[in-house]
Structures are given as C-alpha cells and as structure tokens.
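Structure record follows, encoded as structure tokens.
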Ligand code: PMP
C-alpha cells in the first residue's frame, strides 16, 4: 500500500489539483489507495465510509464485479474505435438501452466524456436545432443563479456560481439568469419537495417580456441543484417551467448529471417529477464513475430535424475523439446491469424515508440552520463563522475524514449523496459519526 510520504509520492508539486486548495492540501494530503463497495481505503490503511458516492457519481458503489469484468474484457478486445464515421456494436447497444430507460420522446443519445461536455453539447444542439427549423433568431440561453453546469465556457455562462465565472472573461453573450429557488426563510427544514417558491419561475416570463420569445433558444436547469448545496424545486415549479417553455417555443434542458441514474429514487428526475424536457444531460452515474463518460438525450423531433438534409452530409458538426469510447460503453453496460439486477435505480425511494428521518435527526446539532433532502440526497446548512465563510463546513469535512466518513462541502453546506447500495446500518453510522463531528467542531 502506498504512502503519501513514500519516495514515489513525495513530490506533490507537479499535480495541480482541480477544485482544491492546493497549498493547504499539500501540507497535509489525504490519499485514497483503494475502494470497495461502500468504502474507501486511505493510504494510512483506514476505511472511510463513502457518504458522497465519490463526487455524486459512484451510484453502484465501488469496484463492482460486473463493471470491473466488463472493462477488463473490453480493453483486451477492442481498446478504441474511431468515433467519427465508424461505429462499434456496444455504442449502439448502450444508446438503445439508455433510450429505452427514458420516457418517450427522449429516444436519441449523443455521447460525451463528462458533464461539462454534455452541457456544452446540449446547448449547441439547442441552438443548431432552432436554426434548423427556421428559428435562427433564437440565440439566447437562460440559466439560473446558483446553477452548476460544469466548467466549459457554455456551462459557466449559463451557470450561476459567482466564483465559477468572475475570473474567466466575458463568456457567452446573450445569457440571462432566473433566480434560484432556495428560500430558507419559508422552507427551512423542509422534508422532500419544499412548499414555497414556485413563483420564482415567473422570472422566465419577465426575461421573455424583456427580450421577446423569438430570441430565446433554450432554458437549462438542474431539476435539483446539487453542487451549490442541494437546492430543491418547489412544488409546481418544474411543471410551470415546462408550460412556459412550451407556450413560447423555448427548449427545456434538464441537467441531470447528478439526478440521473437513481439518485432521487427513479431512474431520472424527469421520471421522478413527471416533467419531460427536450434535452437531458447526464454523466457521472452512467458508468458509476468508473470511466469518464456523459450522454445527452434528445427528443425525436430534435433528432429528426437534423436528418432532413442530403444523406452524405454530416448532420451536426460536433463530437469528441472519445465519444462512445468502447471501454466507457462497456463500463456503462456493466453498470446498467448492476443497477438492474440490484434494483438500484429505485432503491433511493425505498430508503428515502429512513434517510430523511436520520438526516433531520441532526437538527439539534450546533450551528445547524437548515436541513433538506430528496431521494438519497441530503444537505445540512451551517451558520457561517462571521468573516470566515466556508470555514465551519470545511472543518467538518476534515474532522469527518479523520473519523472515517466522506462528506462533501460547498460553502457552509454539507452535502450527502451516498452510493445507492448503502444499508440502513451504514446510514445510521454516517449520521452517528456526523453528529459527533458537528459537536466536535462546535
Ligand atoms: N452539471 C451538473 C449538474 C453537475 O453537477 C456537474 C458536476 N458536478 C457537471 C455538470 C459537470 O460535470 P463534470 O465535472 O463531469 O464535467
């Protein structure tokens, strides 16, 4: 087992770590060297219970046999196939299987390698589609404050996290943002879908009045915003959003990079909420995090609109060298097998009440100002320390790691999203340990 201070790993300088306070990390590195089912193994030989499915992605748990076997076999058989003008059977098999999981008419799948790429792909498809149906004036894109749509220029433009945007130049023009739906004054300690706030969707009406519907191509939202601290859609919000988009010829994109593949207790948020968008972006759980992959689902009317030109012409000038990579496809097929055989895509619905009760049991811990949940997602919001935002939650993260649980923090919010294989005993362990952590850091 490797050790961060061993000769092989004692040069920590070369690797510029993403989304990490590099200087702080390198003074006291935290290293994982193994993972199995619900646990990581640290370089000092400890077991850490995974309360976050890696980064919201390892929905089937870690190193699951079907996935490991599928990947190993695929590398030995067909390691790579050109993504343009060539195919391989597993890409078509996977696309057909995924399309069958989605409600009609979301019957077509475009493969990418990440959530960020899925978002950029969906935005580009939306713009190109509007043009293809003679609506070329529709070039504006609408996102939301506190939305997270990855780190591509499209994603940070429609996204609404200040620190994700402010140092990176001018971004896409013609982007507007609706308000987010987080309303702690009215919805604090709500369980499941919050009651109040559907009226925030009327921001879209105001934007339409300002710019005219004929200039707007698409709206993108996360059905449940995860990365900015689990912001839930108020009752009726998504339904009304769908209606406004329909009435105005605007495409609706659901970014399901987190909510896809069982997180809410249904295969996708679109099933869970009964609201069908025109495009759905996914990644993460598609391979349970094992191999980078993303997929954009699009409706048959969008797909068909591109299939009208001369047959020898490329319909959409877009794609990646690694779109539908054979090893990623194999990983995804092994993952879907695991989800199906173990009933994981609906397991969150069976566990959600138990999860909710355990999570809300932390209400009396010091400095807790809100708790919210849906499916197997939870958030605990802590009162920020005056003048030192993020410090309290980050102390909790560090203490939790020392105490054997992996949690995630964003600002002063602790976010939880364990693999869908978690047992009730492990849910108890997660919350028992978190309770001790919250008391210890107080
Ligand atoms: N969209 C959403 C909703 C996400 O949560 C994320 C990642 N957390 C992304 C896009 C970006 O995905 P990736 O990091 O794979 O590019």
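In our numbering, the protein residues as written are 42 to 483.
C-beta: ideal position from N, C-alpha, C; glycine also.
For clarity, every value in this text was computed on a predicted model and none was experimentally measured.
{"Check": "Best match in 125, 267, 297 for proximity to residue 355 [C-alpha to C-alpha]", "Outcome": "125"}
{"Check": "Three-pair Cβ contact test at 8 angstroms for the stretch 441-461 versus the stretch 91-110", "Outcome": "yes"}
{"Check": "Contacts around residue 308, its chain only, beta-carbon distance under 6 angstroms, and the 5 residues preceding and following it disregarded", "Outcome": "142, 386"}
{"Check": "Other residues of its chain near residue 131: CB distance less than 7 angstroms, five sequence neighbours each side excluded", "Outcome": "367, 370, 371, 374"}
{"Check": "Given 8 angstroms, three or more beta-carbon pairs between the stretch 258-276 and the stretch 184-204", "Outcome": "yes"}
{"Check": "Cβ-Cβ separation, residue 431 to residue 268 (assumed contact under 8 angstroms), whole Å", "Outcome": "Wrong, their Cβ atoms sit about 14 angstroms apart, outside the cutoff."}
{"Check": "Span of the beta strand (DSSP E) around residue 295", "Outcome": "292-296"}
{"Check": "Environment of residue 174 [buried if 16+ CB atoms lie within 10 Å]", "Outcome": "exposed"}
{"Check": "Beta-carbon proximity of residue 158 to residue 361, cut-off 8 angstroms", "Outcome": "yes"}
{"Check": "Closest Cα partner of residue 148 within the set 155, 229, 140", "Outcome": "140"}
{"Check": "Pair within 8 angstroms by beta-carbon distance, residue 327 and residue 376", "Outcome": "yes"}
{"Check": "Among 215, 232, 180, the one whose alpha carbon lies nearest that of residue 401", "Outcome": "232"}
{"Check": "Which of helix, strand or coil DSSP assigns to residue 51", "Outcome": "coil"}
{"Check": "Cutoff 7 angstroms; reference residue 77; Cβ partners in own chain excluding five residues on either side", "Outcome": "103, 104"}
{"Check": "Residue 472 beta carbon near the ligand FMN (any heavy atom closer than 7 angstroms)", "Outcome": "Among the ligands in the structure shown, the ligand FMN does not appear; only the ligand PMP can be found there."}
{"Check": "Buried versus exposed, by CB contacts within 10 Å (16 or more), residue 334", "Outcome": "buried"}
{"Check": "For residue 112, three-class secondary structure by DSSP", "Outcome": "helix"}
{"Check": "For residue 344, three-class secondary structure by DSSP", "Outcome": "helix"}
{"Check": "Helix, strand or coil at residue 471 [DSSP, three-state]", "Outcome": "helix"}
{"Check": "Residue 190: CB within 7 angstroms of a non-hydrogen atom of the ligand PMP", "Outcome": "yes"}
{"Check": "Contact under 8 angstroms by Cβ, residue 152 with residue 365", "Outcome": "yes"}
{"Check": "heavy atom of the ligand PMP below 7 angstroms from residue 299 C-beta", "Outcome": "yes"}
{"Check": "DSSP state of residue 151 mapped onto helix, strand, coil", "Outcome": "strand"}
{"Check": "Buried or exposed by the 16-neighbour rule on C-beta atoms within 10 Å, applied to residue 48", "Outcome": "Only weak support exists for where residue 48 lies, its pLDDT of 49 falling under 50; the value from the coordinates is given anyway. Residue 48 comes out exposed."}
{"Check": "Neighbourhood of residue 476 by C-beta distance below 7 angstroms, restricted to the same chain and skipping five residues each side", "Outcome": "403, 406"}
{"Check": "Nearest neighbour of residue 336, chosen from 320, 440, 419 [CA to CA]", "Outcome": "320"}
{"Check": "Inter-stretch contact at 8 angstroms, needing at least 3 Cβ pairs: the stretch 238-257 / the stretch 426-442", "Outcome": "no"}
{"Check": "Residue 219 in three-state terms, based on DSSP", "Outcome": "strand"}
{"Check": "Residue 416 CB to nearest heavy atom of the ligand PMP below 7 angstroms", "Outcome": "no"}
{"Check": "Extent of the continuous beta strand (DSSP E) run through residue 80", "Outcome": "80-83"}
{"Check": "Own chain residues within Cβ distance below 8 angstroms of residue 246, not counting five before or after", "Outcome": "285"}
{"Check": "Bounding residues of the beta strand (DSSP E) (the contiguous stretch that carries residue 338)", "Outcome": "335-339"}
{"Check": "Inter-stretch contact (C-beta, 8 angstroms, three-pair minimum) for the stretch 290-304 and the stretch 54-72", "Outcome": "no"}
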